[in-house]
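Reading through the structure tokens given below for one structure.
Chains as they are written, first to last, in my numbering: chain A, 1 to 220; chain B, 221 to 479.
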């Protein structure tokens with residue numbers, strides 16, 4: 001079977017500081033990462049804060065190019081589940097849904113047909129037509145999740161299973177994510193809690209200081 | 221086919237984002253959209269007070285002369301200064317979502333263009349009211365305005381792309397624009413400078429454009445079609461090169477903005 005995305009000896013280096021008065025200082029966020037993602041796979045990535053988990057997701061989504069090695073994408077879309085990307089406080093919920101949805105890759109016609117679905121799912125009621133600055137943190141998150149939930153990339157990248165909103169909405173959003181994982185093709189989930197991932201992932205990778213140290217192939 | 225659809229989506233996104241940004245901007249002010257007219261009016265008032273009232277530089281039709289120079293200038297200035305840090309300001313977004321950075325400066329250009337339309341209509345009305353009747357030569361305003369738009373896009377895109385590489389350029393943008401303003405013959409006629417410098421002076425695209433706007437409105441000199449053709453040729457070539465550069469470099473901006 002052909003993988004959807006392949007990483008070959010991928011390394012990522014950032015410049016931390018350096019100008020005409022101080023020497024350049026670099027930091028290796030990732031070192032020699034090799035990874036293949038196959039259709040239908042759920043991959044879990046475990047590691048401490050700063051170990052390079054999120055950097056790996058940025059490489060997979062194509063947002064950041066590796067400084068060494070290569071990433072081969074066999075024509076698939078991979079995107080991070082983001083909440084509230086591109087939100088503008090002065091616009092109402094509806095306009096923000098259009099803006100955020102389009103920024104995440106939808107056409108204006110597509111997002112417009114999904115507006116009532118987003119409105120219903122968010123449970124915001126009339127607040128959907130009020131400016132975002134009047135929203136509480138929970139309401140913002142509800143709107144953000146409802147928009148992202150309509151985006152369906154070939155590979156879904158999740159940076160921690162987020163629980164947003166009040167307890168009802170938390171249950172609803174968690175359920176939606178687990179449904180996506182169960183139904184749909186490929187998912188990469190980053191977490192610092194191994195317990196959660198062991199139940200749902202077919203493969204788990206641990207990252208330490210930017211390098212993968214262990215692979216548990218439970219399948220393939 | 222795939223890339224054609226992607227370009228269509230980019231245009232769709234830039235247009236929608238521009239309209240929503242304008243809506244957002246206007247929603248916070250009491251005078252809302254009235255500022256689109258009021259702000260350029262106040263800006264011009266400053267120059268009017270200094271040059272016509274205090275310095276008495278005037279002469280006949282000086283106010284009209286000044287306004288014909290200032291309005292096209294303000295269009296460029298606002299587009300360029302608005303776009304200059306648009307890519308670095310979108311850091312949070314471009315490091316989360318895979319999105320081409322070209323949309324940020326282009327959104328500013330489109331936003332400024334939309335705001336410029338009523339100002340241009342007022343300019344035409346004002347010149348007419350001053351007794352300069354429209355003639356068929358006013359149709360030349362169309363290619364001259366399109367040429368200015370192309371030049372604005374080039375300037376905005378190039379500066380927005382330079383700043384993520386070397387943030388220091390950010391400090392040079394206001395100074396550079398002020399220099400360009402004084403070099404474009406907004407407050408004076410290019411014919412007043414030494415004759416040996418006039419050709420060099422008109423190589424500045426803004427100086428050429430402002431001269432052309434005045435020639436058209438005052439009906440003083442016919443537009444030289446050969447010169448205009450050369451300007452179009454150069455600017456379209458530069459535009460294609462700039463867009464090509466963005467296609468090549470697009471991927472590296474997210475990383476540049478966070479290091």
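Idealized CB from N, CA, C, for every residue including glycine.
Residue pairing of residue 43 of chain A in beta bridges, as defined by DSSP: A:188, A:203. The C-beta of residue 116 of chain A has fewer than 16 other C-beta atoms within 10 Å across all chains shown, which makes the residue exposed.
By the Cβ test, the region 98 to 108 of chain A is in contact with the region 79 to 86 of chain A, since at least three Cβ pairs between them sit closer than 8 Å.
Among the CB atoms of chain A, none fall inside 8 Å of the CB of residue 255 of chain B.
In the DSSP assignment, residue 92 of chain A is bridged to A:131. Taking 8 Å as the threshold, the shortest C-beta distance from residue 88 of chain A to chain B falls below it.
At a cut-off of 8 Å between beta carbons, residue 55 of chain A makes no contact with chain B. Neighbours of residue 102 of chain A across chain B, judged by C-beta separation under 9 Å: 229, 232, 233, 236, 237. What residue 244 of chain B touches in chain A, judged by beta-carbon distance under 7 Å, is 88, 90, 91, going in chain order. Counting only Cβ-Cβ distances below 8 Å, residue 316 of chain B has contacts in chain A at 63, 80, 82, 85, in chain order. Beta-bridge annotation (DSSP): residue 78 of chain A is paired with A:155. Residue 10 of chain A is bridged by DSSP to A:33. Contacts with chain B at 8 Å (Cβ-Cβ) include residue 107 of chain A. Residues are counted here when their Cβ sits less than 8 Å from a Cβ of chain A; for the region 296 to 322 of chain B these are 313, 314, 315, 316, 317, 318, 319, given in chain order. Take residue 53 of chain A, set aside five residues on each side of it, and the residues of its chain with a beta-carbon closer than 7 Å to its own are 45, 47, 190, 207, in chain order. Our two residues, residue 441 of chain B and residue 422 of chain B, have alpha carbons roughly 15 Å apart in a direct line. When only Cα atoms are considered, residue 284 of chain B and residue 350 of chain B end up about 8 Å apart.
For residue 72 of chain A, the three-state secondary structure derived from DSSP is strand. Out of A:194, A:161, A:170, the CA that lies nearest to the CA of residue 181 of chain A is found in A:161. Contact between residue 367 of chain B and residue 455 of chain B holds, with the beta-carbon distance rounding to 6 Å and staying under 8 Å. For the pair residue 231 of chain B and residue 264 of chain B, the CB atoms are not nearer than the 8 Å cut-off. Residue range 473 to 478 is occupied by the alpha helix (DSSP H) that includes residue 477 of chain B. Taking CB atoms only, residue 99 of chain A has a neighbour in chain B less than 8 Å away.
Under DSSP, residue 5 of chain A takes part in a beta bridge, and its partners are A:37, A:73.
Contacts with chain B at 8 Å (Cβ-Cβ) include residue 95 of chain A. Annotation: the continuous alpha helix (DSSP H) that includes residue 119 of chain A extends over 108 to 122. Using a C-beta cut-off of 8 Å, the region 12 to 32 of chain A makes no contact with the region 166 to 173 of chain A, since fewer than three inter-stretch Cβ pairs fall below that distance. Rounded to the nearest angstrom, the Cβ distance from residue 301 of chain B to residue 380 of chain B is 11 Å, too far for a contact under 8 Å.
Counting only the Cα atoms, residue 341 of chain B lies some 59 Å from residue 43 of chain A. Look at residue 23 of chain A: its C-beta is not under 8 Å from any C-beta on chain B. The criterion of a C-beta distance shorter than 8 Å is satisfied by residue 384 of chain B and residue 307 of chain B. Within the DSSP bridge table, the entry for residue 211 of chain A names A:208 as partners. Along the region 5 to 24 of chain A, going in chain order, the ones with a CB nearer than 7 Å to a CB of chain B are 14, 15. Residue 378 of chain B and residue 462 of chain B do touch by the CB rule: their CB atoms are close to 6 Å apart, below 8 Å.
Within chain A, the C-beta atoms nearer than 7 Å to that of residue 472 of chain B come from 65, in chain order.
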